[in-house]
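The sequence shown begins at 2 in this note's numbering and counts up one residue at a time. We put the CB at the ideal spot given by N, CA and C, even for glycine. Written below as structure tokens is the structure these notes are about.
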Amino acid sequence: MSERAPGWLKPFVDYSPLVAFFAAYLAAGLFAATAALMAVTVVAVGLSLAIERRLPIMPVVTAAVVMVFGGLTLWLNDERFIKMKPTIVQALFSLVLFGGLLFGRPLLKPLLKSAWQLTDRGWYIITVRFALFFAAMAILNEIVWRSFSTDVWVNFKIFGILALTFVFTAFQVPVITRHQIPEPVNPSEGADSQ
């Protein structure tokens, strides 16, 4: 078991199911895309388990929802279930983050502390913002799939959600910077520079 996962693993786990979904949708339609999404999600999570010897929580939650709603889509031959999947995932993330805050635990801290070293106030602010963002994305997905064609929804799912997430995260940089805990200065580095 390696102490550090290879750099390609996280992007593969996060994005390969979306790539498979989109490619299969273009080639054969929504039901084939749903089957591809389910298959590649299982492979991605399994590969993560095999390499890291642990299951990352967010991909596992997403995988569980994919299996349930993808399975219902294929079994009942009803595309509404796979279209509701992003709503359910985003709403779950929002509820979990708000629930953590109710108990005084900003749950983004254990997930992202290796990337960001923030003050407790910073973790609180970021957690509230992400909880609100996930709630807004759940509502937006509902509006898009209920109001527009499947083609529009697929493009929103693949490109819109990704772009909105990227832009939202970029707008958090000032909060992250303001609440960043400075790294301690190593005394031996100061002695070497004299």
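Between which two residues does the alpha helix (DSSP H) holding residue i run?
| i | result |
| --- | --- |
| Trp154 | 151-156 |
| Leu119 | Counting along the chain, Leu119 falls outside any alpha helix (DSSP H), and DSSP gives it neither H nor E. |
| Gln91 | 81-103 |
| Ala171 | 162-171 |
| Glu53 | 31-53 |
| Pro111 | 109-113 |
| Trp76 | 58-77 |
Using 8 Å for Cβ pairs, my map puts residue i next to residue j. What's the rounded Cβ distance?
| i | j | result |
| --- | --- | --- |
| Leu38 | Gly71 | 6 Å |
| Ala21 | Val41 | 4 Å |
| Leu119 | Ile177 | 7 Å |
| Val66 | Val90 | 5 Å |
| Leu56 | Leu48 | In fact, because the Cβ distance is near 11 Å, the residues do not count as touching under 8 Å. |
Count the other C-beta atoms from every protein chain shown that fall within 10 angstroms of the C-beta of residue i, then say buried if there are 16 or more, exposed otherwise.
| i | result |
| --- | --- |
| Asn78 | exposed |
| Trp9 | exposed |
| Phe167 | exposed |
| Gly123 | buried |
| Phe131 | buried |
| Val174 | exposed |
| Ala25 | buried |
| Pro107 | buried |
| Pro18 | buried |
| Pro12 | exposed |
Check whether the Cβ atoms of residue i and residue j lie closer than 9 Å to each other.
| i | j | result |
| --- | --- | --- |
| Ile162 | Leu112 | no |
| Phe157 | Val145 | yes |
| Leu141 | Glu80 | no |
| Glu143 | Thr74 | no |
| Lys84 | Trp154 | yes |
| Ala139 | Ala92 | yes |
| Ala116 | Glu53 | no |
Using 8 Å as the threshold, is the region 131-150 in touch with the region 89-99, meaning 3 or more CB pairs across them?
yes
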